[in-house]
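A short write-up of the structure that comes next.
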Amino acid sequence: MSRLEALETLKTYYDAFNAGDTAAMEALLADDFEHHVNEGNIRRGAEAFREFNAHMTQCYRETLTDLCVMANEAGTRAAAEFIVNGTYLKTDEGLPDAKGQNYRLPAGTFFDLKGGKIARVTTYYNLSDWIKQVS
């Protein structure tokens, strides 16, 4: 995969995210996909990511803006920085009660890509900032 192909893959991934099309996001995943989440355990495989997406769709409505995507020349590693603009829809276990609060949160994601697919997604954000915004 070239750098341009990697960037196109991530554009497709984030366009699908903003459209709420989790199936299109999941279609981009490698068989040995790993999802490393901020403040959580590693999810392995597309099925675990599908379950995560279903849960997130119930609890949050989010759109990403100010997206900046970068990739190495080989197209094997990439990163993105963005602003998460969201609404907290349903109380997520262990977090403050949801009352339809809006939030705006800087975040970043790192990717491994191989064979034209996304093999790893690692996302970082400031959880304490999010909690302050929704409390």
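Numbered per my numbering, the sequence shown spans residues 524 to 658.
Note that CB positions come from ideal geometry on N, CA and C, so glycine has one too.
Measuring alpha carbon to alpha carbon, tell me which residue in 641, 654, 564 is nearest residue 594.
641
Neighbourhood of residue 588 by C-beta distance below 8 Å, restricted to the same chain and skipping five residues each side:
605, 606, 608
Option nearest residue 611 by Cα separation, candidates 598, 626, 603, 600:
626
May I ask which residues mark the beginning and end of the alpha helix (DSSP H) holding residue 548?
545-549
Proximity to residue 623 [Cα-Cα], best of 614, 629, 631
614
With a threshold of 8 Å between beta carbons, is residue 534 in contact with chain B?
The chain inventory of the structure shown lacks chain B, comprising one protein chain alone.
Buried or exposed: residue 546, going by 16 or more other Cβ atoms within 10 Å of its Cβ?
exposed
Within its chain, find whatever has a CB closer than 7 Å to the CB of residue 552; leave out the 5 residues flanking it on each side and keep chain order.
569, 572, 640, 641
Which of the three DSSP states, helix, strand or coil, is assigned to residue 539?
helix
Boundaries of the alpha helix (DSSP H) in which residue 622 is found, first to last residue
Taken as a continuous stretch (DSSP letters only), residue 622 belongs to no alpha helix (DSSP H), as it is neither H nor E.
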